[in-house]
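Undergrad: Next up is a structure, given as structure tokens.
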Amino acid sequence: MTSRRVFFTFEITEESHLLHAYRERGGYQALEKALREMQPAEVQAEVAASGLRGRGGAGFPTATKWSFLAKGAPVYYLCCNADEGEPGTFKDRWVFEHSPHQLIEGMLLACYALGVRHSFIYIRGEFDLSYRRLMHALKEAREAGLLGDSVLGSAFSCQIIVQQGAGAYVCGEESSMLSSIEGFKGYPRNKPPFPAVKGLYQAPTVINNVETLATLPWILAKGGAAYAKIGTEKNSGTRLFGISGHVQRPGMYERAIGYPFKKLIYQDAGGIAGGKALKAVIPGGSSTPVLTAEDIETLTMDAEAVAAAGSMLGSGGVIVIAEGTCMVRLLQVLTRFYAHESCGQCIPCREGTAWMNKIVARISEGRGVAGDIERLEGITTGIMGNTICALGAAAAMPVASFLIKFRHEFAYFIEHGRSLNDGRLEIKI
Ligand SMILES: Cc1cc2nc3c(=O)[nH]c(=O)nc-3n(C[C@H](O)[C@H](O)[C@H](O)COP(=O)(O)O)c2cc1C
Ligand code: SF4
-7 MTSRRVFFTF
3 EITEESHLLH
13 AYRERGGYQA
23 LEKALREMQP
33 AEVQAEVAAS
43 GLRGRGGAGF
53 PTATKWSFLA
63 KGAPVYYLCC
73 NADEGEPGTF
83 KDRWVFEHSP
93 HQLIEGMLLA
103 CYALGVRHSF
113 IYIRGEFDLS
123 YRRLMHALKE
133 AREAGLLGDS
143 VLGSAFSCQI
153 IVQQGAGAYV
163 CGEESSMLSS
173 IEGFKGYPRN
183 KPPFPAVKGL
193 YQAPTVINNV
203 ETLATLPWIL
213 AKGGAAYAKI
223 GTEKNSGTRL
233 FGISGHVQRP
243 GMYERAIGYP
253 FKKLIYQDAG
263 GIAGGKALKA
273 VIPGGSSTPV
283 LTAEDIETLT
293 MDAEAVAAAG
303 SMLGSGGVIV
313 IAEGTCMVRL
323 LQVLTRFYAH
333 ESCGQCIPCR
343 EGTAWMNKIV
353 ARISEGRGVA
363 GDIERLEGIT
373 TGIMGNTICA
383 LGAAAAMPVA
393 SFLIKFRHEF
403 AYFIEHGRSL
413 NDGRLEIKI
């Protein structure tokens, strides 16, 4: 395991998002090489050799996802998922603000490999600076002959179309995003059919996260085998870890997969704010199960290791929680979010998120009643595995894990009508 930083770490200046700066750090060389020397299948083979897994949350192997595309279709689409709505996650925004050409080059490489001529970026509506930098970068790329008809004078032509979201978390779910791009309400669709068979406008479609696509230029420039050497055996490469919450230096850190949690928290992020002790960590965005300080004592930031500890690396948003934080009130912030964001299509999610929110709210206001913990547990079981999309599970997992790890705090609040904690250091997310 190595902690080399290779894809995203460069000196950030006023101009690092511009084309000339990207070119100075080797930008668009991978695209030139691919168009000049490689067949699309060879580009796919390099991605397969790299072992790259999707960075959008589920960690699905990218080359395997690409291989599912239905063969022989007249049209294929690529959609870049830039909705980034998961609380605690801000890595894609960082890519747009500091290196948008890296994403554009990655998309062009993916489009070349997959035979895509029209691709889409679905960007979170609230990302104003990201949107402006992206649009400027697309203009620069078009003017430089890097995007549009006959890319770099080759036979390959490709368009990138940008669609802004309107603030719905569920539109980050891939099938909901497709509905939204098509102009419909952002409702998730039943699967099958999967997008690789019937996706955007009924055509086979690949959906990849911003970070996944922005990693491709490095893989094509240096080779998949070189990428596979970074990180762990099963999870190659680096990831963008956004650390927030009660740390001295919250921010974005690119680290090799397999890097220790404690090193990120205490060395990189400067330790816990106010000299407090660590209480808990939500390791991969707000939907991932919470871990205690003991759980992360020797834990590394690697999907397998985090799964063995009972959680997920998700979107790489590490939320740090200091001692003194009331876990009941913290959970209330999360249940309110998920109840608001449920699209309401399926009953277990629509009713379940609303009831979880009501019950956690009443406990946190000192009005909890005996049986509330068991009631909450019953609701989480009713949601899991019984919904159209994974938003239901995303809402249920925090509740279930908070009740396992911090049950005594919920029991105390119900019995005494107040928090077990002093409440002075409440987390803001
Ligand atoms: C409710 C919900 C919200 C999601 N939000 C995002 C998001 O904002 N960005 C993202 O890349 N993936 C999000 N995902 C995961 C996507 O559905 C999809 O798996 C991902 O974009 C695939 O990209 P990858 O293979 O490159 O990881 C979300 C999933 C769910 C269920
Ligand atoms: S799980 Fe929730 S968000 Fe997903 S389709 Fe059902 S109601 Fe909508």
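Taking my numbering, the leading residue of the sequence shown gets -7, the next gets one more, and so forth. Ideal Cβ placement from N, Cα and C applies to all residues, glycine included.
1) Quick one: any contact between the segment 111 to 123 and the segment 75 to 86, if contact means 3 or more CB pairs under 8 Å?
2) Could you round the C-beta distance between Q155 and Y123 to whole angstroms and report it? I think they count as a contact, below 8 Å.
3) To the nearest whole angstrom, what separates the beta carbons of G43 and A220, a pair I think is in contact under 8 Å?
4) Identify every residue that forms a DSSP beta bridge with T56.
5) Which residues are close to ligand 2, meaning CB closer than 6 Å to any heavy atom, in chain order?
6) Where does K190 sit, in a helix, a strand or coil, going by DSSP?
7) So if DSSP puts G277 in a beta bridge, which residue, or which two residues, is it bridged to?
8) Going by C-alpha to C-alpha distance, which of R328, T379, R359, N378 sits closest to P79?
9) Which one of M389, S307, G374, I355 has the shortest CA to CA distance from G409?
10) Taking the alpha carbon of F176 as the reference point, which residue from S168, K183, T280 has its own alpha carbon closest?
11) Would S303 pass as a contact of P275 if the rule is Cβ separation under 7 Å?
12) Quick one: is E407 buried, meaning 16 or more other Cβ sit within 10 Å of its Cβ, or exposed?
13) Looking at ligand 1, does it come within less than 6 Å of E7, judged from the CB to the closest heavy atom?
14) Taking the DSSP output, what are the residues bridged to Y251?
15) Can you name, in chain order, every residue of its own chain whose Cβ lies under 6 Å from the Cβ of G422, other than the five neighbours on each side?
16) Mind reading off the beta-carbon distance from G191 to L170? Whole number of angstroms is fine, and I expect it under 8 Å.
17) Tell me whether K226 is buried or exposed, calling it buried when 16 or more other Cβ atoms sit within 10 Å of its Cβ.
18) Verify whether the separation of the beta carbon atoms of R109 and C150 is less than 7 Å.
19) Using a 10 Å radius around the Cβ and a threshold of 16 neighbouring Cβ atoms, would you call V361 buried or exposed?
20) Given the structure, does I199 come close to ligand 1, in the sense that its CB is under 6 Å from one of the ligand's heavy atoms?
21) I'd like the list of long-range same chain contacts for T1, defined as Cβ closer than 7 Å, with 5 residues on each side in sequence excluded.
22) Helix, strand or coil for C103 per DSSP?
23) Could you name the residues of the same chain whose beta carbon sits closer than 7 Å to that of R85, not counting the 5 residues immediately before and after it, in chain order?
24) If the criterion is Cβ atoms closer than 7 Å, does the pair A26 and L144 meet it?
25) In chain order, what residues of the same chain have a beta carbon less than 6 Å from the beta carbon of G164, not counting five sequence neighbours either side?
26) Compute the minimum distance between the beta carbon of A50 and the heavy atoms of ligand 4, and state whether it is under 6 Å.
27) Starting from the C-beta of G49, find all residues in its chain whose C-beta is less than 6 Å away, skip the five residues before and the five after it, and write them out in chain order.
28) For E166, count the other beta carbons within 10 Å of its own beta carbon; 16 or more makes it buried, fewer makes it exposed. Which is it?
29) Taking 7 Å as the limit between beta carbons, can you name the residues of its chain near L232, skipping five residues before and five after?
30) According to DSSP, which residues form a beta bridge with H463?
31) Alpha carbon to alpha carbon, how far is L61 from H238? Give it in angstroms, no decimals.
32) Unbroken alpha helix (DSSP H) runs of length 4 or more, entirely within the segment 288 to 336: which are they?
33) Is the beta carbon of N73 within less than 6 Å of some heavy atom of ligand 1?
34) Going by beta-carbon coordinates alone, are A272 and T284 separated by less than 7 Å?
TA: In short, the structure shows the following:
1) yes
2) Counting from 1 along the sequence shown, the entry for residue 155 is found at position 163. Counting from 1 along the sequence shown, the entry for residue 123 is found at position 131. About 11 Å; that fails the 8 Å criterion.
3) As a working mapping, residue 43 is identified with position 51 in the sequence shown. As a working mapping, residue 220 is identified with position 228 in the sequence shown. Right, the Cβ-Cβ distance comes to about 5 Å (below 8 Å), so this counts as a contact.
4) Your numbering for residue 56 matches position 64 in the sequence shown. Paired residue(s): none; T56 is not in a bridge.
5) V162, P180, S334, C335, G336, Q337, C338, C341, R342, T379, I380, C381, L383, G384
6) Start at 1 with the first residue of the sequence shown, and residue 190 comes out as number 198. Residue state, collapsed to three classes: coil.
7) By one-based count along the sequence shown, residue 277 stands at place 285. Paired residues: P275.
8) On the sequence shown, residue 79 is found 87 positions in, with the first residue counted as 1. Taking only the C-alpha atoms, the option nearest P79 is R328.
9) Here the question's residue 409 lines up with position 417 in the sequence shown. G409 has its Cα closest to that of I355, out of M389, S307, G374, I355.
10) As a position in the sequence shown, residue 176 is number 184, starting the count at 1. Residue S168 is the option with its Cα nearest to F176.
11) In the sequence shown, the residue the question calls residue 303 occupies position 311. In the sequence shown, the residue the question calls residue 275 occupies position 283. Closer than 7 Å, so yes.
12) On the sequence shown, residue 407 is found 415 positions in, with the first residue counted as 1. Classification for E407: exposed.
13) Within the sequence shown, numbered from 1, the residue matching residue 7 stands at position 15. Checking the Cβ of E7 against ligand 1 gives no.
14) In the sequence shown, residue 251 corresponds to position 259, counting from 1. Per DSSP, M293.
15) Because the chain spans -7 through 421 in this model, residue 422 falls outside it and cannot be assessed.
16) To locate residue 191, count along the sequence shown from 1; it is residue 199. To locate residue 170, count along the sequence shown from 1; it is residue 178. Yes, they are in contact, since the Cβ atoms of G191 and L170 sit about 6 Å apart, within 8 Å.
17) Taking the sequence shown and counting its residues from 1, the one referred to as residue 226 is at position 234. By the 10 Å Cβ count, K226 comes out exposed.
18) The residue you call residue 109 lines up with position 117 of the sequence shown. The residue you call residue 150 lines up with position 158 of the sequence shown. Taking 7 Å as the Cβ cut-off, R109 and C150 qualify as a contacting pair.
19) As a first step, residue 361 is located in the sequence shown; it is residue number 369 there, counting from the start. Looking at its Cβ environment, which holds fewer than 16 other Cβ atoms inside 10 Å, V361 is exposed.
20) Reading the sequence shown from its first residue, position 207 is the one you call residue 199. Under cutoff, so the answer is yes.
21) As a working note, residue 1 is residue 9 in the sequence shown. Correct list, in chain order: E246.
22) The sequence position of residue 103 within the sequence shown is 111, counting from 1. Residue state, collapsed to three classes: helix.
23) One-based indexing of the sequence shown puts residue 85 at position 93. The answer, listed in chain order, is E76, F119, S122.
24) The sequence position of residue 26 within the sequence shown is 34, counting from 1. The sequence position of residue 144 within the sequence shown is 152, counting from 1. No.
25) Here the question's residue 164 lines up with position 172 in the sequence shown. Answer for G164: D75, G77, listed in chain order.
26) Of the ligands this structure carries, namely ligand 1 and ligand 2, none is ligand 4.
27) By 1-based counting over the sequence shown, the position of residue 49 is 57. Once the five neighbours on either side are set aside, the close Cβ partners of G49 are G306, S307.
28) On the sequence shown, position 174 is the one that residue 166 refers to. With 16 or more other Cβ atoms within 10 Å, it is buried.
29) Residue numbering aside, residue 232 sits at position 240 when the sequence shown is read from its first letter. F0, K83, W86, E203, M244, E246, G308.
30) Because the chain here runs from -7 to 421, residue 463 falls outside it and cannot be looked at.
31) Translated into the one-based positions of the sequence shown, residue 238 becomes position 246. Translated into the one-based positions of the sequence shown, residue 61 becomes position 69. The straight-line gap from Cα to Cα measures roughly 43 Å.
32) 295 to 300, 319 to 333
33) The sequence position of residue 73 within the sequence shown is 81, counting from 1. Flag set: Cβ of N73 near ligand 1.
34) Along the sequence shown, one-based indexing puts residue 272 at 280. Along the sequence shown, one-based indexing puts residue 284 at 292. Yes, these two residues count as a Cβ contact at 7 Å.
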